[in-house]
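Enquirer:
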Amino acid sequence: MTLSPSVPALRAEFGPAVERHLVSCGDTIVYVSRARSHDVLAWLKDAPDQRFDYLTDVTAVEYRDPEPPLEVVYQLRSLARRADLRVKVALDQRAPLEVRSVVDLWRGADWLEREVYDMFGVVFTGHPDLRRILMWETYAEGYPLRKDFPLRGHFSRAEQTRQALAANPEAHYSLEELSIADAYDELPADVRERLSRGERGFLK
Amino acid sequence: MSLRTVEMALATPGLDADGQPTRVPLGAGTERGVYDDDFGAERMLVNIGPQHPATHGVLRLVVELEGETVKRCIPHLGYLHSGFEKLGEYRHYNQIIPLTDRTDYLSPMANNVGLAMAVEKLMGIQVTERCEVLRVIACEMSRIISHLVWLGTTGIDLGAFTPFLWSFQERERIYNLQEMWTGARLTTSMTRVGGLMADVPDGFDDGLREFTRTFPDTLREVDTMFTRNAIWIGRTQGVGVLTGEEATNFSLSGPMLRASGVDYDVRKDRPYLGYETYDFDVPIGEHGDIYDRYRVRLEEMWQSNRILEQALDRLAKLEGAPINVDDPRVILPPKSQAMSDMEAMIYHFKQVMEGVKPPVGEAYLGIENPKGELGYYFVSDGTAKPVRWRIRPPSFINLSSLPKMCEGALLSDVIAINASVDIVMGEVDR
Numbered sequence: 001m002t003l004s005p006s007v008p009a010l011r012a013e014f015g016p017a018v019e020r021h022l023v024s025c026g027d028t029i030v031y032v033s034r035a036r037s038h039d040v041l042a043w044l045k046d047a048p049d050q051r052f053d054y055l056t057d058v059t060a061v062e063y064r065d066p067e068p069p070l071e072v073v074y075q076l077r078s079l080a081r082r083a084d085l086r087v088k089v090a091l092d093q094r095a096p097l098e099v100r101s102v103v104d105l106w107r108g109a110d111w112l113e114r115e116v117y118d119m120f121g122v123v124f125t126g127h128p129d130l131r132r133i134l135m136w137e138t139y140a141e142g143y144p145l146r147k148d149f150p151l152r153g154h155f156s157r158a159e160q161t162r163q164a165l166a167a168n169p170e171a172h173y174s175l176e177e178l179s180i181a182d183a184y185d186e187l188p189a190d191v192r193e194r195l196s197r198g199e200r201g202f203l204k
Numbered sequence: 001m002s003l004r005t006v007e008m009a010l011a012t013p014g015l016d017a018d019g020q021p022t023r024v025p026l027g028a029g030t031e032r033g034v035y036d037d038d039f040g041a042e043r044m045l046v047n048i049g050p051q052h053p054a055t056h057g058v059l060r061l062v063v064e065l066e067g068e069t070v071k072r073c074i075p076h077l078g079y080l081h082s083g084f085e086k087l088g089e090y091r092h093y094n095q096i097i098p099l100t101d102r103t104d105y106l107s108p109m110a111n112n113v114g115l116a117m118a119v120e121k122l123m124g125i126q127v128t129e130r131c132e133v134l135r136v137i138a139c140e141m142s143r144i145i146s147h148l149v150w151l152g153t154t155g156i157d158l159g160a161f162t163p164f165l166w167s168f169q170e171r172e173r174i175y176n177l178q179e180m181w182t183g184a185r186l187t188t189s190m191t192r193v194g195g196l197m198a199d200v201p202d203g204f205d206d207g208l209r210e211f212t213r214t215f216p217d218t219l220r221e222v223d224t225m226f227t228r229n230a231i232w233i234g235r236t237q238g239v240g241v242l243t244g245e246e247a248t249n250f251s252l253s254g255p256m257l258r259a260s261g262v263d264y265d266v267r268k269d270r271p272y273l274g275y276e277t278y279d280f281d282v283p284i285g286e287h288g289d290i291y292d293r294y295r296v297r298l299e300e301m302w303q304s305n306r307i308l309e310q311a312l313d314r315l316a317k318l319e320g321a322p323i324n325v326d327d328p329r330v331i332l333p334p335k336s337q338a339m340s341d342m343e344a345m346i347y348h349f350k351q352v353m354e355g356v357k358p359p360v361g362e363a364y365l366g367i368e369n370p371k372g373e374l375g376y377y378f379v380s381d382g383t384a385k386p387v388r389w390r391i392r393p394p395s396f397i398n399l400s401s402l403p404k405m406c407e408g409a410l411l412s413d414v415i416a417i418n419a420s421v422d423i424v425m426g427e428v429d430r
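Line by line, the protein sequences give chains A and B. Just so you know, we're using our numbering here: the first sequence kicks off at 1 and counts up by one. Just so you know, we're using our numbering here: the second sequence kicks off at 1 and counts up by one.
1) From this set, Ser101/A, Arg34/A, Glu13/A, His38/A, which residue's C-alpha is nearest Leu70/A's C-alpha?
2) Less than 7 Å between C-beta atoms, sequence neighbours within five positions excluded: which residues of the same chain meet that for Leu105/A?
3) Can you find at least 3 beta carbon pairs, one from the region 53 to 61 of chain A and one from the region 3 to 20 of chain A, that sit closer than 8 Å?
4) Using the DSSP secondary-structure output, state which residues sit across from Lys88/A in a beta bridge.
5) What residue range does the beta strand (DSSP E) around Gly366/B cover?
6) For a test of the three-state rule: what should DSSP assign to Cys139/B, helix, strand or coil?
7) Have a look at the DSSP bridge pairing and note the partners of Glu66/B.
8) Among the candidates Val70/B, His76/B, Arg72/B, whose CA atom is the shortest distance from the CA of Leu59/B?
9) May I ask you to report which of helix, strand or coil DSSP gives Leu410/B?
10) Under the three-state reduction of DSSP, which class applies to Thr125/A: helix, strand or coil?
11) Taking a Cβ distance cut-off of 7 Å, strictly less, list which residues of the region 122 to 144 of chain A are near chain B, in chain order.
12) Looking only at its chain, what residues have a beta carbon closer than 6 Å to the beta carbon of Glu291/B, apart from the 5 residues adjacent to it on each side?
13) Does the beta-carbon of Phe161/B have 16 or more other beta-carbons within 10 angstroms, so that it is buried, or is it exposed?
14) Taking beta-carbon pairs under 7 Å, can you tell me which members of the region 225 to 257 of chain B lie near chain A?
15) Are the CB atoms of Gly426/B and Arg102/B nearer to each other than 8 Å?
16) Given a cut-off of 8 Å on the beta-carbon distance, is the pair Leu298/B and Val222/B in contact?
17) Below 8 Å on the Cβ atoms is my contact criterion, and I expect Leu332/B with His348/B to pass it. Report the Cβ-Cβ distance as a whole number of Å.
18) Measure the alpha-carbon distance for Thr59/A versus Gly288/B and round it to whole angstroms.
19) Quick one: give me the first and last residue of the alpha helix (DSSP H) that Phe168/B is part of.
20) Just grab the DSSP bridge partners of Pro75/B for me.
21) Verify the contact flag: Ala189/A, CB atom, against every heavy atom of the ligand GTP, threshold strictly below 7 Å.
22) Mind checking Glu407/B: buried by the 16 CB within 10 Å criterion, or exposed?
23) So within the region 330 to 362 of chain B, which uninterrupted alpha helix (DSSP H) runs reach at least 4 residues, ignoring any that extend past its ends?
24) Taking 8 Å as the CB-CB cut-off, is Val61/A touching chain B?
25) Roughly how many angstroms lie between the CA atoms of Ile415/B and Gly159/B, to the nearest whole one?
26) Between the region 379 to 405 of chain B and chain A, which residues of the former have a C-beta closer than 7 Å to a C-beta of the latter?
27) What residues from chain B crowd round Asp46/A, counting only those whose CB sits closer than 9 Å?
28) If you run the structure through DSSP and keep just helix, strand and coil, what is Arg11/A?
29) Assuming the contact rule is C-beta atoms closer than 8 Å, Ile397/B and Ser253/B should be a hit. Round their C-beta distance to whole Å, please.
30) Whose CA, out of Pro96/A, Leu76/A, Ala80/A, lies closest to the CA of Lys88/A?
31) So, with DSSP's three-state summary, where would you put Leu10/B?
32) Using a 10 Å radius around the Cβ and a threshold of 16 neighbouring Cβ atoms, would you call Lys121/B buried or exposed?
33) If I follow the unbroken beta strand (DSSP E) through Ala60/A, where does it start and stop?
34) For Asn418/B, does the three-state DSSP call read helix, strand or coil?
35) Is the beta carbon of Met225/B closer than 8 Å to that of Pro163/B?
36) Looking at C-beta atoms only, is the number of pairs between the region 299 to 316 of chain B and the region 269 to 283 of chain B that lie closer than 8 Å three or more?
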């Protein structure tokens, strides 16, 4: 049950932005304020005596009891120092679930943050490409790992089947995503409408 | 319309009046029938997968090509999403173990071990020595079969068929041993919190010893076939390169990270199951290309074989030692006792009806799986079902570097690079 030496260093550097800390099963957990989360993580990555250069994981936790806030969890590791630290950002569920993205610090955060967005609906501001990743882009049932999401989904089996059959997967080649948006914008409105319905092959 | 317009429908060649096949303009063009020689100005979208043998499962890649050069590669995931993490929140801890078989289904035993260890960390349980040795055997057997699948399928992707047969032949022998131990070849579910489902049966250690004796022959054959093979070298060296810094920044793990020259192996750096007492080396690449990933994985199989030999020696010394902790809160009493002894029956009932109950807290535990660092993160509120069960999926995170590796490569290299990541879609999509 040893406290990571990063915690006193963080407190000295950031003061009240470090909300609290605890040790659970030998792992040190630090809660930092949402407003300073990016600064804290950037400092942890670059400060010479911290050097948490490896982002092991990004995830989120929502508790069964609705009172505790939803938490975004960063598992940090320093490959050089062989040290670990878990940083948490608590998000009040009554406010919009938003936190600064850390993709600019660790490229590995790209898909991990997309997954948290997909499963919990947490918006990572500044993420270059925040889209759903495991669920499809038109998925309308909400965020599957939230506690208010029933195990079998919000929609009935019949509705899920109807939507799956009505979906046109070809429509999601996503012209925008493939940077032909410039060509797309020049198209007449009726052609764009046909494209959005998933029609292809009439553009010659 | 801009030159960058992409024609999605591919025209099919027909026959003209003379019975000759009509030509389909390659630069699927701005005007019908006009042959556009300026390939550089045109970009083509190629969709690979999800039903494509070289994507190793239901991965879909949309590749934007200029000529044959990849400008962008965009992976689309989720075709095998099963919601395991959600399902885990509705199950007892021991009931989650069968779910782990089905994530990385090429190394189910190692996943079982990781899950049991994460719950044991949450509960502060120290397993017995024999259990540790058996778990090491399970992990290293998994590493060998997983790397063998990687080797065989990557060989096929690059046009070599024979090593696939060799590697699947060897894999079959381990599968037979797994079947002998657990009764299942793939859905092993062989650990329990605090121990194992069963001890190894008679004849298992002889079978495994015979395997470790003869397996190096196959490794030597593969080595002869690939390591100095001009085609193999040509297709793999300098392709899909990631520097050590990039690999770290992308949070890669396992052979992908080590091939880029980063010396990090969970077994050495945060030892578990007594790995620090085994004599083995961790191979490190230097170029970070497909060839180094191949060398790293090949060498890891040699090292796993070494660990298996040592573990078998230890297992013989621990003959008859218990495999489960002596704690009726987590381990079921023997069936004979549950039928005759009141106290044992109560424990049996509580175990089956209520499950294992860890204290309030949370734990993250990462183990070195064949694909990389597999982490399980549990948050417990003191009940028998976790509040949150998170899988840190090594394949998923390793795959996120694919767009970066494919930039500027040739289309045929995309197949080779994707193979070198060693993904299992069951784990990527979970």
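We treat Cβ as the ideally placed atom computed from N, Cα and C, and that holds for glycine. Just so it is clear, the structure is predicted and the values come from calculations on it, not from any experiment.
Expert: Inspection of the coordinates gives the following:
1) As a first step, residue 70/A is located in the first sequence; it is residue number 70 there, counting from the start. For the residues Ser101/A, Arg34/A, Glu13/A, His38/A, the minimum Cα distance to Leu70/A belongs to Arg34/A.
2) One-based indexing of the first sequence puts residue 105/A at position 105. These residues qualify, in order along the chain: Leu41, Ala42, Lys45.
3) no
4) Residue mapping note: residue 88/A aligns to position 88 of the first sequence, counting from 1. Per DSSP, Tyr31/A, Val73/A.
5) Your numbering for residue 366/B matches position 366 in the second sequence. Gly366/B -> beta strand (DSSP E) spans 361 to 368.
6) To locate residue 139/B, count along the second sequence from 1; it is residue 139. Residue state, collapsed to three classes: helix.
7) Reading the second sequence from its first residue, position 66 is the one you call residue 66/B. In DSSP, Glu66/B forms a bridge with Thr69/B.
8) As a working note, residue 59/B is residue 59 in the second sequence. The shortest C-alpha separation from Leu59/B is found at His76/B.
9) Locating residue 410/B in the second sequence gives position 410, counting from the first residue. Leu410/B: strand per DSSP, three-state reduction.
10) One-based indexing of the first sequence puts residue 125/A at position 125. In the structure shown, Thr125/A sits in a strand (DSSP, three-state: E or B).
11) Ile133, Leu134, Met135, Trp136, Pro144
12) The residue labelled residue 291/B in the question sits at position 291 within the second sequence. Position check: residue 291/B holds Tyr in this sequence, whereas Glu was assumed. Answer for Tyr291/B: Thr236, Gln237, listed in chain order.
13) As a first step, residue 161/B must be located in the second sequence, where it is residue number 161. Under this definition Phe161/B is an exposed residue.
14) Thr248, Asn249, Phe250, Ser251
15) Here residue 426/B refers to the residue found at position 426 when the second sequence is read from its first residue. Here residue 102/B refers to the residue found at position 102 when the second sequence is read from its first residue. Taking 8 Å as the Cβ cut-off, Gly426/B and Arg102/B qualify as a contacting pair.
16) As a working mapping, residue 298/B is identified with position 298 in the second sequence. As a working mapping, residue 222/B is identified with position 222 in the second sequence. Going by C-beta atoms, Leu298/B is nearer than 8 Å to Val222/B.
17) Along the second sequence, one-based indexing puts residue 332/B at 332. Along the second sequence, one-based indexing puts residue 348/B at 348. Leu332/B to His348/B, Cβ: 6 Å. Contact.
18) The residue given as residue 59/A occupies position 59 in the first sequence. The residue given as residue 288/B occupies position 288 in the second sequence. Each residue's alpha carbon lies about 28 Å from the other.
19) Counting from one through the second sequence, the residue named residue 168/B turns up at place 168. It spans 162 to 182 - the alpha helix (DSSP H) in which Phe168/B sits, taken as one unbroken run.
20) Indexing the second sequence from 1 puts residue 75/B at position 75. Answer by DSSP bridge pairing, in chain order: Leu61/B.
21) The ligand GTP is absent from the structure shown, which contains no ligands of any kind.
22) Numbered from its first residue, the second sequence carries residue 407/B at position 407. So Glu407/B counts as exposed.
23) 335 to 340, 342 to 354
24) Taking the first sequence and counting its residues from 1, the one referred to as residue 61/A is at position 61. So, interface residue.
25) Within the second sequence, the letter at position 415 stands for residue 415/B. Within the second sequence, the letter at position 159 stands for residue 159/B. Looking at the two C-alpha atoms, the distance is approximately 11 Å.
26) Val379, Asp381, Val387, Arg388, Arg390, Arg392, Phe396, Ile397, Ser400
27) What you label residue 46/A is simply residue 46 of the first sequence in a count that begins at 1. The premise fails here: Asp46/A is roughly 13 Å from chain B at the closest Cβ pair, so nothing lies under 9 Å.
28) Indexing the first sequence from 1 puts residue 11/A at position 11. Arg11/A: helix per DSSP, three-state reduction.
29) One-based indexing of the second sequence puts residue 397/B at position 397. One-based indexing of the second sequence puts residue 253/B at position 253. The pair is a contact, with the Cβ atoms about 7 Å apart (cut-off 8 Å).
30) For the purposes of this step, residue 88/A is taken as residue 88 along the first sequence, with counting starting at 1. With distances taken between Cα atoms, Lys88/A lies closest to Leu76/A.
31) Here the question's residue 10/B lines up with position 10 in the second sequence. Any answer about Leu10/B is weak, because its pLDDT of 40 lies below 50 and its placement is not dependable; what the coordinates show is given next. Residue state, collapsed to three classes: coil.
32) Residue numbering aside, residue 121/B sits at position 121 when the second sequence is read from its first letter. It is buried - the Cβ of Lys121/B has at least 16 other Cβ atoms within 10 Å.
33) Here the question's residue 60/A lines up with position 60 in the first sequence. Run containing Ala60/A: 54 to 61, per the beta strand (DSSP E) assignment.
34) Locating residue 418/B in the second sequence gives position 418, where the first residue counts as 1. Correct three-state label for Asn418/B: helix.
35) Here residue 163/B refers to the residue found at position 163 of the second sequence. Here residue 225/B refers to the residue found at position 225 of the second sequence. Yes. Within cutoff.
36) yes
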